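**Student:** Mind having a look at this structure? Questions to follow.
Residue numbers (our numbering): 33 to 342.
Below, the structure written as structure tokens:
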């Protein structure tokens with residue numbers, strides 16, 4: 033291919049990027065739209081997986097592509113939590129009034145109550161494979177996303193992930209396992225429990241252990257067989273040194289009265305000491321919806337500012 037052709041492609045990609053970010057953030061519509069009666073048929077899981085999606089104010093009045101934020105719910109929740117308890121539509125609409133934040137599609141998948149967004153140890157539910165191999169590709173072909181125009185918009189540079197509690201764990205888990213797929217990861221009150229947790233009574237409850245056995249395997253010496261190797265602490269400690277520059281921007285956000293604060297501080301210390309591009313935010317609040325509603329605008333802002341070219 034000639035250098036002249038390369039220059040033309042490069043200029044065209046730059047033109048489209050500038051066009052996207054130059055678009056007014058509020059056009060004819062003043063509000064985005066949220067849709068909840070949606071699902072994806074998964075061959076990996078052998079079932080329908082429901083999800084909700086927020087489409088930004090200009091989505092139906094423009095033809096341009098959009099970046100995507102994947103927003104994960106917490107344990108014992110579902111794909112409706114961010115819609116009905118998290119006020120995602122109002123918060124996103126307000127966020128996009130700031131001209132420094134580009135409009136984006138926000139996708140809220142169902143996380144099957146309490147599986148921590150991983151493949152299950154007992155093979156009963158390969159959620160991680162579903163999310164990476166089926167869910168993200170189908171979402172980004174169903175909606176008008178920037179991923180549809182690769183290689184103009186390279187993999188991962190217009191895709192972010194965030195979540196609360198178990199979803200915060202999921203966001204960091206995917207960022208560490210698949211760093212090339214995301215431009216940023218924002219954890220709110222992350223469920224970064226570990227065998228060294230300061231809350232052993234929570235970790236050792238019989239009903240919790242029974243549920244966790246399908247995820248991390250049977251108990252061995254008081255710890256689930258595969259638990260330690262899948263904690264955010266261990267994944268951060270063992271992340272390959274030469275791949276650290278590939279990591280997305282990482283944010284850890286936790287309340288000063290949150291029972292998970294010690295674990296969040298532990299994860300931050302490990303990441304900081306290893307030279308990760310990580311920031312810590314500790315704010316007034318506990319492990320509740322009020323805190324997460326206050327954190328969501330920050331997660332949207334971080335996602336928007338992490339997209340390449342912004």
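Beta carbons: idealized from backbone N, C-alpha and C, even for Gly. Predicted model only: the values in this text are computed from it and were never measured.
According to DSSP, is residue 67 helix, strand or coil?
**Tutor:** Counted from its first residue, the chain shown places residue 67 at position 35. Strand.
**Student:** Note down the Cα distance separating residue 333 from residue 173, rounded to an integer number of angstroms.
**Tutor:** For the purposes of this step, residue 333 is taken as the residue at position 301 of the chain shown. For the purposes of this step, residue 173 is taken as the residue at position 141 of the chain shown. Within the model, the alpha-carbon separation for residue 333 versus residue 173 is close to 24 Å.
**Student:** Give a yes or no on whether the C-beta atoms belonging to residue 327 and residue 285 are separated by under 7 Å.
**Tutor:** Locating residue 327 in the chain shown gives position 295, counting from the first residue. Locating residue 285 in the chain shown gives position 253, counting from the first residue. In this structure, residue 285 lies closer than 7 Å to residue 327 by Cβ.
**Student:** For residue 3, which residues of its own chain have a beta-carbon under 8 Å away from its beta-carbon, when the five flanking residues on both sides are left out?
**Tutor:** Examination of residue 3 is not possible in this model, given that the chain is present from 33 through 342 alone.
**Student:** How is residue 233 classed by DSSP in three states: helix, strand or coil?
**Tutor:** Indexing the chain shown from 1 puts residue 233 at position 201. With a pLDDT of 43 at residue 233, under the threshold of 50, the predicted position of this residue should be treated as unreliable, and no value is reported.
**Student:** Alpha helix (DSSP H) containing residue 294: first to last residue?
**Tutor:** Here the question's residue 294 lines up with position 262 in the chain shown. Counting along the chain, the alpha helix (DSSP H) containing residue 294 begins and ends at 293-305.
**Student:** So, for residue 310: in the same chain, excluding its five sequence neighbours on each side, which residues have a beta-carbon less than 7 Å away from its beta-carbon?
**Tutor:** Residue numbering aside, residue 310 sits at position 278 when the chain shown is read from its first letter. Cβ neighbours of residue 310 beyond the five flanking positions: 282, 284, 300, 303 and 304.
**Student:** Which complete alpha helix (DSSP H) runs does the stretch 65-128 hold, if anything under 4 residues is left out?
**Tutor:** 113-116 and 120-127, all fully within the stretch 65-128.
**Student:** Roughly how many whole angstroms lie between the Cα atoms of residue 337 and residue 297?
**Tutor:** Against the chain shown, residue 337 aligns to sequence position 305. Against the chain shown, residue 297 aligns to sequence position 265. Taking the straight line from one Cα to the other gives about 24 Å.
**Student:** With 16 as the cutoff for other CB atoms within 10 Å, does residue 116 come out buried or exposed?
**Tutor:** Against the chain shown, residue 116 aligns to sequence position 84. Flag for residue 116 reads exposed.
**Student:** When DSSP labels each residue in this structure, what does residue 262 get in the three-state scheme?
**Tutor:** Here residue 262 is taken as the residue at index 230 of the chain shown, counted from 1. The answer is helix: DSSP assigns residue 262 an H, G or I state.
**Student:** Just to check my reading of the structure: residue 107 and residue 146 have Cβ atoms closer than 8 Å, yes? What is that Cβ distance to the nearest angstrom?
**Tutor:** As a position in the chain shown, residue 107 is number 75, starting the count at 1. As a position in the chain shown, residue 146 is number 114, starting the count at 1. Between residue 146 and residue 107 the Cβ distance is about 4 Å, and since that is below 8 Å, they are a contact.
**Student:** Looking at residue 157 and residue 221, is the spacing between their C-beta atoms short of 7 Å?
**Tutor:** Numbered from 1 along the chain shown, position 189 holds the residue referred to as residue 221. Numbered from 1 along the chain shown, position 125 holds the residue referred to as residue 157. Result no, Cβ atoms of residue 221 and residue 157 do not sit closer than 7 Å.
**Student:** Who are the near neighbours of residue 232 in its chain, counting only those whose CB is closer than 7 Å to its CB and skipping five residues on each side?
**Tutor:** Here residue 232 refers to the residue found at position 200 when the chain shown is read from its first residue. With a pLDDT of 49 at residue 232, under the threshold of 50, the modelled position of that residue is not reliable, and no figure is offered here.
**Student:** If you draw a straight line from the C-alpha of residue 77 to the C-alpha of residue 269, how long is it?
**Tutor:** Numbered from 1 along the chain shown, position 45 holds the residue referred to as residue 77. Numbered from 1 along the chain shown, position 237 holds the residue referred to as residue 269. For residue 77 and residue 269, the distance between alpha carbons rounds to 31 Å.
**Student:** Helix, strand or coil for residue 136, going by three-state DSSP, please let me know.
**Tutor:** As a working note, residue 136 is residue 104 in the chain shown. Note: residue 136 maps to coil in three-state DSSP.
**Student:** Count the C-beta pairs between the stretch 130-144 and the stretch 95-105 that are closer than 8 Å, then say yes if the count reaches three, no if not.
**Tutor:** Touching, per the Cβ criterion.
**Student:** Does the separation of the CB atoms of residue 160 and residue 151 fall below 7 Å?
**Tutor:** Here residue 160 refers to the residue found at position 128 when the chain shown is read from its first residue. Here residue 151 refers to the residue found at position 119 when the chain shown is read from its first residue. Taking 7 Å as the Cβ cut-off, residue 160 and residue 151 qualify as a contacting pair.
**Student:** What number of angstroms, rounded off, separates the C-alpha of residue 180 from the C-alpha of residue 340?
**Tutor:** Numbered from its first residue, the chain shown carries residue 180 at position 148. Numbered from its first residue, the chain shown carries residue 340 at position 308. Each residue's Cα considered, the two are about 16 Å apart.
**Student:** Suppose you measure from the CA of residue 131 to the CA of residue 277; what does that come to, to the nearest Å?
**Tutor:** On the chain shown, position 99 is the one that residue 131 refers to. On the chain shown, position 245 is the one that residue 277 refers to. Each residue's Cα considered, the two are about 29 Å apart.
**Student:** From the DSSP output, in three-state form, read off residue 313 for me.
**Tutor:** Residue mapping note: residue 313 aligns to position 281 of the chain shown, counting from 1. In the structure shown, residue 313 sits in a strand (DSSP, three-state: E or B).
**Student:** Keeping to the same chain, check which residues put their C-beta closer than 8 Å to that of residue 290; ignore five residues upstream and five downstream.
**Tutor:** In the chain shown, counting from the first residue as 1, residue 290 sits at position 258. Hits under 8 Å: 221, 296, 317, 318, 319 and 323.
**Student:** Any idea if residue 211 is buried or exposed, counting beta-carbon neighbours within 10 angstroms, 16 or more meaning buried?
**Tutor:** The residue you call residue 211 lines up with position 179 of the chain shown. Buried.
**Student:** Nearest-angstrom Cα distance between residue 163 and residue 113?
**Tutor:** Mapped onto the chain shown, residue 163 falls at position 131. Mapped onto the chain shown, residue 113 falls at position 81. Residue 163 and residue 113: Cα-Cα distance of roughly 18 Å.
**Student:** Give the range of the alpha helix (DSSP H) segment to which residue 338 is assigned.
**Tutor:** By 1-based counting over the chain shown, the position of residue 338 is 306. 321-338 is the extent of the alpha helix (DSSP H) around residue 338.
**Student:** Measuring alpha carbon to alpha carbon, tell me which residue in 209, 64, 120 and 124 is nearest residue 272.
**Tutor:** Within the chain shown, residue 272 is the residue found at index 240, counting from 1. Closest by alpha carbon: 209.
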